[in-house]
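Undergrad: As given, the protein sequences belong to chains A and B, one line each in that order.
Residue 1 is where the first sequence starts when you use the working numbering, and the numbers rise one by one after that.
Residue 1 is where the second sequence starts when you use the working numbering, and the numbers rise one by one after that.
Handing you this structure, nothing more for now.
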Amino acid sequence: MIKNTEISWRRREYLKDLRRHQIKVISTQLLLIVAVFSLWEIAADLRWIDPFVTSQPSRMVATLRLLHADGSLYVHIATTIWETFVGFMLGTVGGLIIAVVLWWSDFLFQVFEPYLVVLNALPKVALGPILIVWLGNGQGAIIAMALLISIIVSIITMLHGFRSVDEEKIKLLKSFGANKFTILRKVILPASLPNTISALKVNVGLSWVGVIMGEFLVSRAGLGYLIVYGSQVFKLDLVMTSVIILIIAATFMYLLVAYLEKKLIKWN
Amino acid sequence: MIDCQPEKREVTYILKDKVHLKNITMVFQTRKGETEALRGVSLTVYQGEFVSIVGPSGSGKSTILNIIAGLLSPSSGEVEVDGTVGYMFQRDCLFEWRTVIKNCLIGPEIQKQDLNLARRNVENLLKTYGLEDFMNYYPHQLSGGMRQRVALIRTLAVNPDIVLLDEAFSALDYQTRLTIADEVWSILRRENKTAVIVTHDIAEAISMSDRIAVLSRRPGEIKNIYDIEFTQKGNSPLQNRKDERFRYYFERIWEDLEINDKKY
Ligand SMILES: Nc1ncnc2c1ncn2[C@@H]1O[C@H](COP(=O)(O)OP(=O)(O)O)[C@@H](O)[C@H]1O
Ligand SMILES: [Mg+2]
C-alpha cells in the first residue's frame, strides 16, 4: 500500500474511471425506463398497439389523477400495505417463535420436520378457498393467506440458521456455565441475525404475493382488488396503474428491510 | 486475581492437586455404533503445573478436556476438579457481532458477575497485553494472533484456576504460533494458573510443559508420562526449544507416537 497522504494520480484516475462507469450504468438504467414509457406512449398514439388493451402512460396518469381526486387511491394503497404488513409481521414473528421451539426441542423438530417439508412443497394458494370458507369473505382471509405463504419458509430458513451456528461457540458458552436460554440469547439469535434478515427479505416478497392473491379471491378494496376489478370491467388503465403502484410500494418495503439490515449488522 | 480470604492465608508447600482423573473410561454411543474413546486414563495435575497431552488425532485428547471442564461425564471413573475452569479452543470462537471488549466480557455476563468490576479487570488485561487500542474493534479487524490473545483474555476474564487449551495455537501460522505460545505461556505463569494443554505438536508440548502425557491411538490410554526437566530452569518456551535436552524428549515422544501409529 502506498502510504502517501496525498492521493496519487493513479488513484485519482482510477476513482474518476469508477465514477464515470457508475454514471454510465445509472444513466442507461434511467434511459431504458424513459425509452420504454415513451415508446409505449407513442406506439399507442400512432395506433401500433391498441391502448384499450395495453393502456398508455398518459392514460395512466389521468387514472391516477382521478383516483387521487376522490381519495380512493389512498384507501386502496393503505389497505394493501396494511394487509401486507400484518401478514408479514405475523409470518415473521410466528415463524421465529416456532423456529425457536423447534430448535429448543430436538424431539419436536424430528416430529415436525417431514410436515414442514410437505407444507413447504404445497402451493399455499390452493388453500385460499378453504380460508375464505373458514374466515369469511374479508381481510381475515387475505391476511391469513399472506401469513400462510410466508410462515413456512420463515420457519425453515430461520431454523436452518439456528442449527448451523458454530458448535464450538456453543461449547464455549457452556464452558462458562451457560444454560439453554442463555445460549439462545447470547449466541443463537445474534449469530443467525444475517440469516434471519435474509428470511425477512424473502418474506416481504411472499407477503405481497399472499395479499394480492387474497385480494384476487376476496376483493373489496386494495391494489389486488383494483387489478381484478379493472380487468373484469375491461379498464386496462386501472389495471396498469395499479400494477405500477404495486411495484413502487413493494420496492419501498424491500428497501426498508435492506435499510434495517444495514442498521442491525454493523460488524461486517 | 484478587483473593479475598485473608483468614485462609496459611502458606502450604504441599502440592495441591487441581485435577485428578482416576481410571477414566469414555464410550460414545451413536446410531452408527459405539466408540471407545478413552480407556483407563489416570492423570493428576497439581497447582501451578502445566501438563500437556499429546497423541494422534482421535485419541481422545479433547474428550479428556471436555471431561475436566464438566461438559461430559465419563462412562466410568472418578473426576475431581478443584477450582474453576477456563477453556480455549483451536479456533478463537470470537463473536463477530461483539467488539473485543464485549467478547471478553461474555464469561462474566453469563456468570452474572459484577460487570463494572469485570470490565475494569478486562481493560487492565487488554492494556497489559497490548490490546488496549483495539478494545472497540470488531474481531474481523484483528490479525489471527491478536484474535487468539483476545480469546485468552476472554478466558481469563472469569478468573479461572485451571486453563484448558485445546490445540489453541494450531490454527496460526508457524511464526505467530511460536510467539503466541510463548506469550500465552508467560501470561498464564504470571497469573499463576494451572494449565492442561492439548496439542499434536510435540515441540510445542515439550517447550511449554512441566509434564507430558502421551496417549495411544484410540481407545486412548496413557502410554507414557514424561517429567520435563531442562538444564536451564525457568526459561520461556522459545528459549526451551534451544535447550540441549529438548532433542532428547522430542525423540522419546516421537518414538512413542510412531510405534503406536505408523502414519503419524
Ligand atoms: N460427542 C461425541 N459423540 C460421538 N463420538 C465422539 C464424540 N466426541 C468425540 N467422539 C469420538 O471420540 C474419539 C476421540 O475424539 P477426540 O477427543 O475429539 O479426539 P482428539 O481430540 O484426540 O482428536 C473420536 O473417534 C471421536 O470421533
Ligand atoms: Mg481434538
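Ideal placement from N, C-alpha and C gives every residue a C-beta, glycine not left out.
Tell me whether residue 92 of chain B counts as near ligand 2, meaning its Cβ is closer than 7 Å to at least one heavy atom of that ligand.
TA: In this structure, ligand 2 has no non-hydrogen atom nearer than 7 Å to the beta-carbon of residue 92 of chain B.
Undergrad: Near ligand 2, which residues have their beta-carbon less than 7 Å from any of its heavy atoms, given in chain order?
TA: Cβ atoms closer than 7 Å to ligand 2 belong to B/57, B/61, B/62, B/166, B/167 and B/198.
Undergrad: Alpha carbon to alpha carbon, how far is residue 63 of chain B from residue 196 of chain B? Give it in angstroms, no decimals.
TA: In a straight line, the C-alpha of residue 196 of chain B is about 13 Å away from that of residue 63 of chain B.
Undergrad: Who does residue 226 of chain B pair with in a DSSP beta bridge?
TA: B/212
Undergrad: Nearer than 7 Å: is that true of the beta carbon of residue 179 of chain B relative to any heavy atom of ligand 3?
TA: Among the ligands in the structure shown, ligand 3 does not appear; only ligand 1 and ligand 2 can be found there.
Undergrad: What separation, rounded to the nearest whole angstrom, lies between the Cα atoms of residue 13 of chain B and residue 48 of chain B?
TA: Confidence at residue 13 of chain B is low in this model, with a pLDDT of 49, below 50, so its placement is unreliable and the value that follows should be read with caution. The straight-line gap from Cα to Cα measures roughly 12 Å.
Undergrad: What first and last residue would you give for the alpha helix (DSSP H) that runs through residue 24 of chain A?
TA: 9–45
Undergrad: Just the C-alpha distance for residue 238 of chain A and residue 133 of chain A, rounded to the nearest angstrom, thanks.
TA: When rounded, the distance between both Cα atoms is 29 Å.
Undergrad: Measure from the C-beta of residue 18 of chain B to each C-beta in chain A and report whether the shortest distance is under 8 Å.
TA: no
Undergrad: May I ask whether a heavy atom of ligand 1 can be found less than 7 Å away from the beta carbon of residue 169 of chain B?
TA: Placement of the Cβ of residue 169 of chain B at a distance of 7 Å or more from every heavy atom of ligand 1 is found.
Undergrad: Return the residue from the list B/91, B/81 and B/166 that minimises the CA-CA distance to residue 46 of chain B.
TA: The candidate whose alpha carbon is nearest that of residue 46 of chain B is B/81.
Undergrad: How big is the Cα-Cα spacing for residue 309 of chain A and residue 124 of chain B?
TA: Look at the range of chain A in this structure, 1 to 268, and you will see that residue 309 of chain A is not part of it.
Undergrad: Return no unless some Cβ of chain B is closer than 8 Å to the Cβ of residue 168 of chain A.
TA: yes
Undergrad: Are there any heavy atoms of ligand 1 lying less than 7 Å away from the beta-carbon of residue 73 of chain B, as far as the coordinates show?
TA: no
Undergrad: Give the DSSP-derived three-state secondary structure of residue 68 of chain A in the structure shown.
TA: helix
Undergrad: Would you say residue 96 of chain B reaches chain A, if we count a Cβ-Cβ gap shorter than 8 Å as a contact?
TA: yes
Undergrad: Can a CB atom of chain A be found closer than 8 Å to the CB of residue 1 of chain B?
TA: In this prediction, residue 1 of chain B scores a pLDDT of 42, lower than 50, which makes its location untrustworthy; no coordinate-derived value is stated.
Undergrad: Please report the straight-line C-alpha distance between residue 198 of chain A and residue 41 of chain A, rounded to a whole angstrom.
TA: Taking the straight line joining both Cα atoms gives about 38 Å.
Undergrad: Closer than 7 Å to a non-hydrogen atom of ligand 1 - does that hold for the CB of residue 144 of chain A?
TA: no
Undergrad: Work out the CA separation of residue 230 of chain B and residue 267 of chain B for me, nearest whole Å.
TA: Residue 267 of chain B lies beyond the stretch modelled for chain B, which goes from 1 to 264, so this question has no answer here.
Undergrad: Thinking C-beta only, is residue 42 of chain B closer than 8 Å to residue 208 of chain B?
TA: At least 8 Å separates the beta-carbon of residue 208 of chain B from that of residue 42 of chain B.
Undergrad: Does DSSP put residue 29 of chain B in a helix, a strand or coil?
TA: strand
Undergrad: Could one say the Cβ of residue 184 of chain A lies closer than 8 Å to chain B's Cβ atoms, at least one of them?
TA: So, not an interface residue.
Undergrad: Give me the chain B residues within the contact set of residue 173 of chain A, using Cβ-Cβ distance strictly less than 8 Å, ordered along the chain.
TA: 106 and 110
Undergrad: Taking the straight line between their C-alpha atoms, what separation do you get for residue 11 of chain A and residue 170 of chain A?
TA: 45 Å
Undergrad: Output the distance between the C-alpha atoms of residue 158 of chain B and residue 28 of chain B, rounded to the nearest integer angstrom.
TA: 30 Å
Undergrad: Is the closest heavy atom of ligand 1 to the C-beta of residue 205 of chain B under 7 Å?
TA: no
Undergrad: The beta strand (DSSP E) that contains residue 78 of chain B, what's its start and end?
TA: 76–81
Undergrad: Could you give the uninterrupted runs of the alpha helix (DSSP H) lying entirely in the region 146–217 of chain A, keeping only those of 4 residues or more?
TA: 167–175, 180–183 and 193–217
Undergrad: With distances taken between CB atoms, is the gap from residue 151 of chain A to residue 224 of chain A smaller than 8 Å?
TA: no
Undergrad: Does the contact criterion of 3 or more C-beta pairs under 8 Å hold for the region 95–105 of chain A versus the region 252–263 of chain A?
TA: no
Undergrad: So what does residue 20 of chain B bridge to, in DSSP terms?
TA: B/44 and B/80
Undergrad: Taking CB distances under 8 Å as the criterion, tell me whether residue 118 of chain B reaches chain A.
TA: no
Undergrad: Once the 5 residues before and after residue 2 of chain B are set aside, which same chain residues still bring their CB inside 6 Å of it?
TA: Note that residue 2 of chain B scores 43 on pLDDT, short of 50, meaning its location in the model is unreliable and no value can be drawn from it.
Undergrad: Using Cβ-Cβ distances below 9 Å, what residues of the region 122–142 of chain B are close to chain A?
TA: From the region 122–142 of chain B, only 138, 139 and 140 have a Cβ closer than 9 Å to chain A.
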